[in-house]
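Novice: Letter by letter, the sequence shown follows residues 5 to 428 in the working numbering. Glycine included, every Cβ here is placed at the ideal spot set by N, Cα and C. Being a predicted model, the structure only gives us computed values, none of them experimental.
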Amino acid sequence: MTGLMRQSRYKGRPMEQQTYENVFVARQPIFDRKKNVWGFELLYRHSGNADTAVFSEENEATFKVMTSLSLCPGPDNACSRIMITFPEESIMIHSPYALPAENTIIKLRESFSAQPFFLEALRDLKDSGYLVAVTGYQARSGRRTLCQAADILSIDLNDPEQENIQLFAASAKEHDAILMAAKIEDHKAFDLALEMGCTLFQGFFFKRPVLLSGRKITSTDAARLKLFRIIEDLDPNFDQVARAIESDVSISYRLLAFLNSPAFGFTRPIDSIKQAVVLLGWKKLRNWIRLIILTDMPSPDKTRELSFLSAQRAKFLEMLAVETDRLDMADSLFLLGLFSLLEALLDMDMREIVPHLPLADELKGALCGEDNQYLPWLQLTDSVEELEWERLERSMAALGLDQVGVEQAYQEAIKWANAFFASC
Numbered sequence: 005m006t007g008l009m010r011q012s013r014y015k016g017r018p019m020e021q022q023t024y025e026n027v028f029v030a031r032q033p034i035f036d037r038k039k040n041v042w043g044f045e046l047l048y049r050h051s052g053n054a055d056t057a058v059f060s061e062e063n064e065a066t067f068k069v070m071t072s073l074s075l076c077p078g079p080d081n082a083c084s085r086i087m088i089t090f091p092e093e094s095i096m097i098h099s100p101y102a103l104p105a106e107n108t109i110i111k112l113r114e115s116f117s118a119q120p121f122f123l124e125a126l127r128d129l130k131d132s133g134y135l136v137a138v139t140g141y142q143a144r145s146g147r148r149t150l151c152q153a154a155d156i157l158s159i160d161l162n163d164p165e166q167e168n169i170q171l172f173a174a175s176a177k178e179h180d181a182i183l184m185a186a187k188i189e190d191h192k193a194f195d196l197a198l199e200m201g202c203t204l205f206q207g208f209f210f211k212r213p214v215l216l217s218g219r220k221i222t223s224t225d226a227a228r229l230k231l232f233r234i235i236e237d238l239d240p241n242f243d244q245v246a247r248a249i250e251s252d253v254s255i256s257y258r259l260l261a262f263l264n265s266p267a268f269g270f271t272r273p274i275d276s277i278k279q280a281v282v283l284l285g286w287k288k289l290r291n292w293i294r295l296i297i298l299t300d301m302p303s304p305d306k307t308r309e310l311s312f313l314s315a316q317r318a319k320f321l322e323m324l325a326v327e328t329d330r331l332d333m334a335d336s337l338f339l340l341g342l343f344s345l346l347e348a349l350l351d352m353d354m355r356e357i358v359p360h361l362p363l364a365d366e367l368k369g370a371l372c373g374e375d376n377q378y379l380p381w382l383q384l385t386d387s388v389e390e391l392e393w394e395r396l397e398r399s400m401a402a403l404g405l406d407q408v409g410v411e412q413a414y415q416e417a418i419k420w421a422n423a424f425f426a427s428c
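#1: Keeping to the same chain, check which residues put their C-beta closer than 7 angstroms to that of G133; ignore five residues upstream and five downstream.
#2: Can you tell me where the alpha helix (DSSP H) with M96 in it begins and where it stops?
#3: Could you check where the alpha helix (DSSP H) with Q316 kicks off and where it finishes?
#4: Put I293 into one of helix, strand or coil per three-state DSSP.
#5: Any idea if G404 is buried or exposed, counting beta-carbon neighbours within 10 angstroms, 16 or more meaning buried?
#6: Buried or exposed for E309, please, with buried defined as at least 16 other CB atoms from any protein chain shown within 10 angstroms of its CB.
#7: Does the ligand ADP have a heavy atom nearer than 6 angstroms to the CB of I110?
#8: Using only the alpha-carbon positions, how far apart do P380 and V358 sit?
#9: With a CB to CB cut of under 8 angstroms and the five nearest residues on each side skipped, what residues in its chain are close to H191?
#10: Should S84 be flagged as near chain C, meaning a C-beta pair shorter than 7 angstroms?
#11: Do W393 and R49 have their C-beta atoms closer together than 7 angstroms?
#12: Restricting to runs no shorter than 4 residues, where is the alpha helix (DSSP H) found entirely within the region 189-249?
#13: Out of D225, K220, I188, T224, state which residue places its alpha-carbon closest to the alpha-carbon of G207.
#14: Roughly how many angstroms separate the alpha carbons of L47 and E389, rounded to a whole number?
#15: Using the beta-carbon count (16 or more within 10 Å), is T222 buried or exposed?
#16: Measuring CB to CB, does L342 end up less than 7 angstroms from A318?
#17: Buried or exposed: N422, going by 16 or more other Cβ atoms within 10 Å of its Cβ?
#18: Locate the beta strand (DSSP E) running through D160, then write down its first and last residues.
#19: Since V245 contacts I235 with CB under 8 angstroms, what's their CB separation in whole angstroms?
#20: Give me the DSSP bridge partner(s) of Y48.
#21: Measuring straight from C-alpha to C-alpha, what distance separates A203 and M70?
#22: What's the call for I418, buried or exposed, on a 16-neighbour Cβ count within 10 Å?
#23: Quick check on the burial criterion: 16 or more other C-beta atoms within 10 angstroms. Buried or exposed for S344?
#24: With a CB to CB cut of under 6 angstroms and the five nearest residues on each side skipped, what residues in its chain are close to F116?
#25: Helix, strand or coil for T271? Go by DSSP, reduced to three states.
#26: Is M87 helix, strand or coil by DSSP?
#27: Shortest alpha-carbon distance to M400 belongs to which of E416, Q383, Q415?
#28: Among A413, D160, T224, A226, whose alpha-carbon lies nearest the alpha-carbon of L196?
#29: Take D36 and list the residues in its own chain whose beta-carbon comes closer than 6 angstroms to its own, dropping the five residues that flank it on each side.
#30: Among T385, L339, R85, V410, which has the Cα closest to the Cα of L361?
#31: For V408, report the span of its alpha helix (DSSP H) as first-last.
#32: Compute the Euclidean distance between the alpha carbons of R395 and D406, then round it to the nearest angstrom.
#33: Here's the rule I'm using: 16 or more other beta-carbon atoms within 10 Å means buried, otherwise exposed. How should F232 be labelled?
#34: Relative to the alpha-carbon of F270, which residue among L283, R113, L259, L103 has its alpha-carbon at the smallest distance?
#35: From S303 to A125, what distance separates their C-alpha atoms?
#36: G404 by DSSP, collapsed to three states: which one?
Here you go:
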């Protein structure tokens with residue numbers, strides 16, 4: 005019998021796996037010291053105003069998270085480690101055993117009881133190969149046992165009690181645990197965490213640009229942005245488009261390699277851009293070209309997650325437009341999402357970038373933070389990614405969206421972006 009159906013010592017009943025449509029599951033990346041994605045944390049929130057019943061127990065919501073592994077790359081991908089918060093009861097009924105030990109990190113709150121029967125269940129999980137992360141630890145007496153069981157200790161650098169941070173770092177060193185810094189919101193905080201000995205990092209610092217005075221668009225980036233303008237022509241000359249793409253060796257190679265990947269399943273090789281236009285159609289091919297140009301622009305020191313997130317945002321906003329019958333906005337919202345992180349990708353102020361983009365003035369304004377009809381869509385993406393639930397509810401209300409539709413579009417966009425990056 006699987007861990008999902010083992011008997012609870014608390015309630016004396018089995019926990020059955022169900023579908024919980026009012027739970028919103030989102031993912032947040034975890035980075036290593038080189039800013040490569042080390043893994044992902046899956047987090048959830050259930051809505052108090054959903055049509056279906058609100059969860060009465062936290063461990064039931066955990067089941068929804070456990071069925072959302074498709075939000076992260078597959079087991080053959082090096083970035084497939086998944087961190088999930090498990091309530092105390094779910095440890096007691098052995099729920100984590102439903103997930104593979106080799107890539108599952110069990111996250112616990114330091115406030116857990118640490119009673120002998122709980123620690124015994126935890127030791128069994130560790131003996132089976134699961135890693136344990138503890139968050140909220142403050143080196144208080146009576147909690148050291150739980151700290152000793154931790155493979156990863158998560159520290160909040162925003163903790164107003166600086167003494168707690170130092171004690172936490174010392175505890176990690178004492179117990180030979182990995183120190184993870186959470187809520188890293190800018191590059192200065194990342195550097196501080198590095199100095200403290202942290203080796204894992206969580207937060208949205210990677211979406212913030214490192215603005216350098218006097219920085220300009222490079223000739224290579226200018227050429228890529230010019231290519232965007234060519235492909236956005238409402239009545240494109242396909243010979244001109246083909247020549248422009250083929251003149252960029254990197255873009256041309258990546259596009260043809262992508263089109264010849266198993267994802268498309270063409271019976272004969274695609275060996276020219278014009279041939280691809282004929283077989284795929286211009287509208288579909290243009291989206292792939294947009295993505296490949298964008299993902300080829302960042303410097304090697306930029307995390308791949310930025311390009312992934314740009315693609316995910318583009319598809320997410322496009323899907324919401326289609327699902328809510330805003331078909332006239334679908335393409336514009338795709339571009340809005342695609343270009344929304346250029347500031348971080350190029351480490352330049354967005355106002356220096358938008359003159360080079362083939363966008364309507366209103367889209368350019370939204371990218372620069374101007375309040376217009378497109379800005380709420382960008383605010384929606386930030387709210388989803390950063391799990392700002394109150395902001396998310398305000399954005400959904402302003403745009404006439406419901407939580408179920410937003411979650412479905414979010415999950416499908418991640419799967420779509422995963423498929424793209426797996427093929428190119």
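Specialist: Here's the rundown:
#1: Closer than 7 angstroms at the Cβ level, and outside the excluded window around G133, lie A105, E106.
#2: In the DSSP annotation of this structure, the continuous segment of the alpha helix (DSSP H) that includes M96 starts and ends at 92-96.
#3: Residues 308-327.
#4: In this structure, I293 counts as helix in the three-state DSSP scheme.
#5: Around the beta-carbon of G404, fewer than 16 other beta-carbon atoms lie within 10 Å, marking it exposed.
#6: Buried, because 16 or more other Cβ atoms sit within 10 Å of the Cβ of E309.
#7: As for the ligand ADP, it is missing from this structure, which has no ligand bound.
#8: Answer to the nearest angstrom: the Cα atoms are 19 angstroms apart.
#9: Apart from sequence neighbours up to five positions away, the residues of its chain that approach H191 with a beta-carbon distance below 8 angstroms are F209, R212, V214, ordered along the chain.
#10: No chain C is part of this structure, which consists of one protein chain only.
#11: Less than 7 angstroms separates the beta-carbon of W393 from that of R49.
#12: Taken in chain order, the whole alpha helix (DSSP H) runs of length 4 or more contained in the region 189-249 are 191-199, 223-235.
#13: It is I188 whose Cα lies nearest to the Cα of G207.
#14: Rounded to the nearest angstrom, the two C-alpha atoms are 11 angstroms apart.
#15: With fewer than 16 other CB atoms across the displayed protein chains lying within 10 angstroms of its CB, T222 is exposed.
#16: Cβ atoms of L342 and A318: closer than 7 angstroms.
#17: Around the C-beta of N422, 16 or more other C-beta atoms lie within 10 Å, and the residue is accordingly described as buried.
#18: D160 -> beta strand (DSSP E) spans 156-160.
#19: Rounded, the Cβ-Cβ distance is 6 angstroms, consistent with contact.
#20: Beta-bridge pairing links Y48 to V29.
#21: Reading off the sequence shown, one finds Thr at residue 203, where the question assumed Ala. Answer to the nearest angstrom: the Cα atoms are 26 angstroms apart.
#22: Classification of I418: buried, given that the 10 Å Cβ count is 16 or more.
#23: It counts as buried.
#24: The beta carbon of F116 sits closer than 6 angstroms to the beta carbons of E92 from its chain, once the five residues preceding and following it are set aside; these are given in chain order.
#25: If DSSP states are grouped into helix, strand and coil, T271 belongs with coil.
#26: Residue state, collapsed to three classes: strand.
#27: Comparing Cα-Cα distances from M400 to each of E416, Q383, Q415, the minimum goes to Q383.
#28: Residue D160 is the option with its Cα nearest to L196.
#29: Hits under 6 angstroms: W42.
#30: Looking at the Cα atoms, L339 is the closest of the given residues.
#31: Run containing V408: 407-427, per the alpha helix (DSSP H) assignment.
#32: Distance between the alpha carbons of R395 and D406 is about 14 angstroms.
#33: Of the other Cβ atoms in all chains shown, 16 or more fall within 10 Å of the Cβ of F232; this residue is therefore buried.
#34: Comparing Cα positions, the closest option is L283.
#35: S303 and A125: Cα-Cα distance of roughly 46 angstroms.
#36: The DSSP-derived three-state label of G404 is coil.
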